[in-house]
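If you're matching positions, the sequence shown starts at 6 in this note's numbering and goes up one per residue.
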Amino acid sequence: MSFFEGSICGVCSNRFTDSDDVVACPVCGAPHHRACWAQSGQCCHEEQHGDGFVWQRETETPGSEAENVEESTVRCPVCGMINSAGRLHCQNCTAALYSNMPKGDVQDTQPGAPQGGDGSFAFGMYVSPVNDGDLIDDIPVGDYKRFLGPSSFIFIPTFMHLAQGKGKIKFNLFAMFMHGIWFISRKMYILGGALLTFMLGIFAFVTSCYDIMEPALEAYAANDIMPMMMLIQERPLLMFTLIGLSVLQFAVYILCGLFANRIYFNWCKKRIREINKSSHSAEHFNRSLEEAGGQSLLPALAALAIYFVAERLIQYWLM
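In structure tokens form, the structure reads like this:
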């Protein structure tokens with residue numbers, strides 16, 4: 006049984022079932038069907054938010070789970086913080102407040118491991134479970150999970166970190182080393198292709214200058230710096246251009262590592278919203294998410310092979 010089962014959607018006035026895709030308002034906690042939330046574009050209690058309104062679940066039968074809801078407040082089982090009964094998670098430590106939801110203390114849980122059958126799962130140690138109905142920039146976590154596929158347990162905590170304003174940077178080591186290949190593997194083909202073309206252009210220019218620099222480089226390797234100094238004096242523009250391109254190439258690696266996650270987060274949000282607008286049913290929407298997102302390994306491997314062959318051809322033609 007889900008937490009919202011039996012409650013009423015404020016938009017369509019239908020009761021929630023255990024199989025419904027439910028989105029909770031991040032301000033007051035009021036539940037909505039995902040389709041209803043997308044249709045209305047706002048919480049059904051939007052006008053009451055300014056008055057401090059907090060949604061409370063209606064109770065029909067007595068039980069151990071209903072007793073907490075009948076009270077006006079709920080004590081967090083982890084940190085002891087007193088919370089409004091309408092909240093799903095503690096406002097202090099974000100632990101789950103109700104026994105039929107996964108607990109926030111998941112120290113013995115492996116990162117990304119499932120936490121029961123309600124669609125929630127936890128990320129790492131001391132992190133509260135994330136439910137499909139939770140919102141990241143007004144998009145349900147469940148939609149991100151369908152779009153990201155098997156790698157959702159890696160990216161969803163990163164997206165939450167970025168969306169909560171804890172920092173604009175979340176370093177991505179793979180993106181730094183693989184630059185365009187990484188973006189292609191995440192189906193950002195245009196950006197990935199542009200990066201690979203740019204890096205090949207730098208490689209081609211540096212390679213074309215090898216004949217000019219070869220004697221000076223060989224002398225420099227033999228601890229004779231005079232030919233290199235003469236080359237700098239004779240061709241200062243060429244030397245500074247080569248140095249500048251080397252710095253630029255290094256900067257591309259660093260920038261990819263620093264901002265790849267932010268770029269991917271924004272791209273995912275844009276694609277999910279585009280799919281939502283063009284979908285005519287929930288089934289079509291979910292299927293489109295799975296097809297449009299996820300990884301693209303074959304194009305990434307093909308791009309890597311093409312990049313490697315292109316470098317060898319450039320060396321063959323220009324050296």
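Cβ coordinates follow ideal geometry from the N, Cα and C atoms, glycine included. Predicted, not measured: the structure shown is a model, and the values here were computed from it.
Cβ neighbours of residue 142 within its own chain (closer than 7 Å, five residues either side excluded): 168 and 274. Measuring C-alpha to C-alpha distances from residue 21 to each of 31, 247, 39 and 170 identifies 39 as the nearest.
Annotated three-state conformation of residue 163 is helix, per DSSP. One Cα belongs to residue 51, the other to residue 254, and the distance between them is close to 49 Å.
Contact between residue 298 and residue 197 is ruled out by a C-beta separation of about 15 Å, above the 8 Å threshold.
Taken atom to atom, the span from the alpha-carbon of residue 137 to that of residue 147 is near 4 Å. The beta-bridge partner set that DSSP reports for residue 20 consists of 13. Under the DSSP assignment, residue 211 falls in the alpha helix (DSSP H) whose first and last residues are 194 to 213. Inclusion of residue 140 and residue 31 in the CB contact set at 8 Å is warranted, their separation being smaller than that value.
The alpha carbon of residue 306 has as its nearest neighbour, out of 276, 183, 267 and 247, the alpha carbon of 183. Between the C-alpha atoms of residue 59 and residue 15 there is a straight-line separation of about 13 Å. Residue 35 sits in coil when the DSSP states are folded into three classes, being neither helix nor strand. The shortest C-alpha to C-alpha distance from residue 302 to any of 192, 237, 288 and 239 is the one to 192. Cβ contact annotation for residue 267 (same chain, cutoff 8 Å, sequence separation greater than five): 167, 173, 174 and 175, in chain order. In this structure residue 283 is exposed. Its beta-carbon is surrounded by fewer than 16 other beta-carbon atoms within 10 angstroms.
DSSP places residue 29 in the strand class (E or B) of the three-state scheme.
Around the beta-carbon of residue 165, 16 or more other beta-carbon atoms lie within 10 Å, marking it buried. About 5 Å separates the beta carbon of residue 152 from that of residue 294, a gap short enough to meet the 8 Å contact definition. Residue 269 is classed as buried because its beta carbon has at least 16 other beta carbons within 10 Å across all chains shown. The Cβ-Cβ distance between residue 262 and residue 323 does not fall below 8 Å.
Non-local beta-carbon contacts of residue 9 in its own chain, meaning distances under 6 Å to residues more than five positions away in sequence, involve 21, 27 and 36 in chain order.
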